[in-house]
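A.B. asks: Supplied in structure tokens, the structure appears directly below.
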Amino acid sequence: MPTDAELASPIPSSAGTLAAHRLSDRWPVLPLRLALALAFGTLGIVSTLALALLVHGQATVRLEQEVGAQLDELTAHMARTLDQGMFERWRDVQVVAALDTLREPDAPLPAKRAVLERLQTTYPAYSILLLTDAAGRIVATSNGLIEGADVSARDYFLAGRERPFAGDVHEAKLLAKLLPQAGGEPLRLVDLAAPVRAPDGAFAGIVAAHLDWAWVREAVAAFERTLTRQRAGTEILLLSRDGRVLHGPPDLLDRTLPSKTLAGARRLGGDAAGPRIGPWPDGRDTYLFATEPTRGFRDYPGLGWTVAARVDAGRALAPVRELSTAITVSGLAVALVGALLTWLLAGRLARPLDAVCAQAERLGRGEPLAVLPATPVREIRDLGQALDAAARELRQRDSARRLLVDELNHRVKNTLATVQSFALQSFRGLDGAAAQRRDAFEGRLLSLSAAHNILTREHWAGAGLRPVIDEVLRPFEAGGSRFTLSGPDLRLPPRVALALGMVLHELCTNAAKHGALSRAQGRVALGWEVGPAENGLRRLHLVWRETGGPPVATPSRRGFGSRLIERGLASELGGSARIGFPAEGVVCEIVARVEEV
1 MPTDAELASP IPSSAGTLAA HRLSDRWPVL PLRLALALAF GTLGIVSTLA
51 LALLVHGQAT VRLEQEVGAQ LDELTAHMAR TLDQGMFERW RDVQVVAALD
101 TLREPDAPLP AKRAVLERLQ TTYPAYSILL LTDAAGRIVA TSNGLIEGAD
151 VSARDYFLAG RERPFAGDVH EAKLLAKLLP QAGGEPLRLV DLAAPVRAPD
201 GAFAGIVAAH LDWAWVREAV AAFERTLTRQ RAGTEILLLS RDGRVLHGPP
251 DLLDRTLPSK TLAGARRLGG DAAGPRIGPW PDGRDTYLFA TEPTRGFRDY
301 PGLGWTVAAR VDAGRALAPV RELSTAITVS GLAVALVGAL LTWLLAGRLA
351 RPLDAVCAQA ERLGRGEPLA VLPATPVREI RDLGQALDAA ARELRQRDSA
401 RRLLVDELNH RVKNTLATVQ SFALQSFRGL DGAAAQRRDA FEGRLLSLSA
451 AHNILTREHW AGAGLRPVID EVLRPFEAGG SRFTLSGPDL RLPPRVALAL
501 GMVLHELCTN AAKHGALSRA QGRVALGWEV GPAENGLRRL HLVWRETGGP
551 PVATPSRRGF GSRLIERGLA SELGGSARIG FPAEGVVCEI VARVEEV
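Numbering (UniProt numbering), first residue to last: 1 to 597.
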């Protein structure tokens with residue numbers, strides 16, 4: 001036989017509802033269009049950031065290698081230029097030393113001086129050219145200065161007696177005051193010398209040239225002017241054999257750089273001698289740099305110089321940052337536009353879904369389904385068709401259920417009528433106390449039948465508390481308003497409606513025989529309260545209070561009606577029932593736990 005819950009609910013409950021509630025407790029429930037907009041916007045932002053990071057990394061490596069290759073090429077070219085320039089000066093001195101005018105001891109001094117002057121005029125970077133005798137005393141100079149001075153202790157004389165000589169840059173001693181520099185800078189010279197041999201091959205002296213260091217600065221400046229158009233901010237440095245900065249930024253000039261300063265920087269390629277990136281000892285930012293040693297040219301052995309070119313890494317890699325910024329800004333803009341478009345398109349997608357949700361709500365309420373709007377989304381169309389099929393299935397099941405309930409009601413009513421007929425036939429002819437018991441039994445059957453009729457009208461889906469009370473109290477009104485009712489209406493499940501109807505009938509019957517309803521002035525106040533739901537149950541507190549009847553005394557023993565209320569029907573109500581007998585009238589207090597219907 002179907003239970004009350006099976007008869008009352010057309011749609012079976014599902015564990016999915018509980019799972020959905022648990023999921024919503026952990027995750028916020030968002031509208032579809034907002035969820036899609038956030039999803040696509042987040043995807044766009046994450047993709048943009050990932051792309052920006054990827055491009056930044058790859059572009060940084062490529063640009064570092066490109067700049068490093070440019071610096072590497074620059075230093076190699078600069079080193080070759082210096083070597084070739086020094087080779088030309090190296091050859092100048094040897095060519096002059098081989099001229100007969102300087103080799104002949106008897107050649108006039110003006111002629112020898114004229115040879116030196118002609119070479120200085122040809123290449124003004126020479127500060128002075130000089131000719132010494134075999135003892136190291138200056139015989140003639142290109143400008144007449146320091147003639148007669150003794151240079152026999154100088155390195156260029158000592159080395160130049162044997163072979164051509166090239167000496168590293170140094171500050172001038174004899175010429176510092178005679179040839180002052182613009183701006184007060186010290187005169188710095190590079191020494192070149194070659195031996196002069198007499199026609200008989202004997203050592204006759206040396207030809208020496210003091211090359212002004214300014215020619216190196218001019219050569220570097222020419223390179224830097226070219227770099228300004230190609231790679232702005234590039235600095236060229238020239239280091240001596242021992243690592244002293246001969247030319248470069250003022251903060252580094254004349255400082256000796258430890259070899260590990262440059263060797264410890266990170267290489268930009270597989271070549272150990274290739275370009276690198278790292279800090280420099282002048283305390284500035286990280287630099288991209290390359291170095292190239294001078295190796296000499298032909299018979300010129302070189303001075304062991306090292307050419308270095310550096311550029312601030314932040315400045316050199318600025319295009320990468322600009323590209324990354326442009327990608328990020330553009331990507332974020334695209335992500336924002338995509339999110340807005342998704343918001344708009346999701347609105348069109350959400351409308352048929354909202355219609356499907358409304359269909360599901362109508363289905364839950366048992367209402368007819370509306371026609372769903374057309375949609376190009378197959379899944380939504382399939383869902384709507386599934387709801388239509390479910391609605392048809394539920395209507396068929398509901399029709400079968402109603403048919404079953406109607407048949408059951410019919411049989412129950414027939415059974416009650418049969419029982420009532422048996423009772424009338426069995427108790428016919430009784431009088432006195434037996435007749436009273438017969439009437440009580442018949443009244444209980446009628447009360448049960450009345451409650452059954454209410455549930456039948458509601459198809460056993462429950463009944464309202466107030467209709468049950470009105471149905472039970474109607475036979476006892478006796479043409480007047482003898483009952484005062486107060487309390488909210490409440491839907492009762494079938495089992496509770498039947499039990500409460502029986503309780504009220506017993507109270508009315510007792511009041512009509514022995515209590516307030518046995519007198520014309522007697523009244524009954526029936527009030528109830530409904531508490532909040534807890535675990536799907538609501539607390540019903542109902543009080544029956546009689547006044548205006550005969551004085552009441554506590555009975556020596558409980559009658560059948562009292563026992564039926566306190567022991568039998570109380571358990572059906574899922575609570576308790578207590579009957580009191582104060583002198584002014586009977587009081588019955590009922591507390592029940594009622595399922596929400």
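Ideal Cβ placement from N, Cα and C applies to all residues, glycine included.
1. Can you say whether Pro186 is buried or exposed, counting buried as having 16 or more other CB atoms within 10 angstroms of its CB?
2. Return the chain-ordered list of same chain residues with a C-beta closer than 6 angstroms to the C-beta of Arg310, the five sequence neighbours on each side being excluded.
3. For the alpha helix (DSSP H) containing Gly160, name the first residue and the last one.
4. Which class does Arg163 belong to by DSSP, given the choice of helix, strand or coil?
5. For residue 602, which of Arg593, Pro31 and Glu361 has the nearest alpha-carbon?
6. Quick check on the DSSP output: the beta strand (DSSP E) that includes Glu595 runs from which residue to which?
7. Give me the DSSP bridge partner(s) of Asp282.
8. Nearest-angstrom Cα distance between Ile146 and Ala232?
9. Residues in the same chain with beta-carbon distance under 8 angstroms from Ile327, minus the five sequence neighbours each way, listed in chain order, please.
10. What separation, rounded to the nearest whole angstrom, lies between the Cα atoms of Arg298 and Leu246?
11. To the nearest angstrom, how far is the alpha carbon of Leu465 from that of Leu540?
12. Leu23: buried (16+ other C-beta within 10 angstroms of its C-beta) or exposed?
13. If we require 3 or more residues per run, which beta strand (DSSP E) segments fall completely within the region 523 to 556?
14. Quick check: the Cα distance between Glu529 and Leu336, rounded to an integer number of angstroms?
15. Let me know if Leu109 comes out buried or exposed under the rule of 16 or more other beta-carbons within 10 Å of its beta-carbon.
16. By DSSP, does Asp398 sit in helix, in strand, or in coil?
17. When DSSP labels each residue in this structure, what does Thr294 get in the three-state scheme?
18. Pick out the complete beta strand (DSSP E) segments inside the region 113 to 161, 3 residues or longer, and give them in chain order.
19. Using the C-alpha atoms, what's the distance from Leu74 back to Ala226?
20. Between the alpha carbons of His21 and Ser486, how many angstroms are there, rounded?
21. Within a Cβ cutoff of 8 angstroms, which residues of the same chain sit near Phe203, ignoring the five residues on either side of it in sequence?
22. Taking one C-beta from the region 536 to 553 and one from the region 571 to 591 each time, how about it: are there three or more such pairs within less than 8 angstroms?
23. Go ahead and pull the three-state DSSP assignment for Ala355.
24. Give me, in chain order, the residues of the same chain whose beta-carbon lies closer than 7 angstroms to that of Asp150; leave out the 5 immediate sequence neighbours on both sides.
25. Given Glu477, which residues of its chain have a CB within under 8 angstroms of its CB, disregarding the five upstream and five downstream residues?
26. How many whole angstroms separate the CB atoms of Leu71 and Pro275, which I take to be in contact at a CB cut-off of 8 angstroms?
27. Taking the straight line between their C-alpha atoms, what separation do you get for Ile277 and Gly314?
28. The beta strand (DSSP E) spanning Pro195 covers which residue range?
29. Counting C-beta neighbours from all protein chains within 10 Å, is the total for Lys177 16 or more, i.e. buried, or is it exposed?
30. Please report how far the alpha carbon of Glu584 lies from the alpha carbon of Arg495, in whole angstroms.
31. Identify every residue that forms a DSSP beta bridge with Ser576.
32. May I have the straight-line CA-CA distance separating Val96 from Val115, to the nearest angstrom?
33. In whole angstroms, what separates the C-alpha of Gly536 from that of Ala386?
34. Is it a yes or a no for the region 35 to 46 touching the region 329 to 348, going by three-plus beta-carbon pairs under 8 angstroms?
35. Which of helix, strand or coil does DSSP assign to Gly304?
C.D. replies: According to the data block:
1. exposed
2. Glu235, Tyr287 and Phe289
3. Unbroken alpha helix (DSSP H) run through Gly160: Asp155 to Gly160.
4. coil
5. Nothing can be reported for residue 602: it is not among the residues displayed for the chain, which extend from 1 to 597.
6. Counting along the chain, Glu595 sits inside the beta strand (DSSP E) bounded by residues Val587 to Glu595.
7. Partner(s): none; Asp282 has no beta bridge.
8. One C-alpha to the other measures close to 44 angstroms.
9. Thr48, Leu51, Ala52 and Val55
10. 24 angstroms
11. Between the alpha carbons of Leu465 and Leu540 lies a gap of roughly 10 angstroms.
12. Because the pLDDT of Leu23 is 44, which lies under 50, any placement of that residue in the model is unreliable, and the question is left without a value.
13. Entirely contained in the region 523 to 556, the beta strand (DSSP E) runs reaching 3 residues are, in chain order, 523 to 530 and 537 to 547.
14. 56 angstroms
15. exposed
16. helix
17. coil
18. Correct list: 126 to 132 and 138 to 141.
19. Residue 226 is actually Thr in this sequence, not Ala. Cα to Cα, Thr226 sits roughly 11 angstroms from Leu74.
20. Model confidence at His21 stands at a pLDDT of 49, short of 50, so the residue's coordinates are unreliable; what they give is reported in the following sentence. Cα-Cα distance, rounded: 37 angstroms.
21. Ala134, Arg161, Pro195, Val196 and Arg197
22. Judged by Cβ distances under 8 angstroms, the region 536 to 553 makes contact with the region 571 to 591, as three or more pairs qualify.
23. helix
24. Gly136 and Arg137
25. Phe483
26. Pro275 and Leu71 do touch by the CB rule: their CB atoms are close to 5 angstroms apart, below 8 angstroms.
27. Going from the Cα of Ile277 to the Cα of Gly314 covers about 11 angstroms.
28. Arg188 to Arg197
29. exposed
30. 33 angstroms
31. Within the DSSP bridge table, the entry for Ser576 names Val591 as partners.
32. 8 angstroms
33. For Gly536 and Ala386, the distance between alpha carbons rounds to 30 angstroms.
34. yes
35. coil
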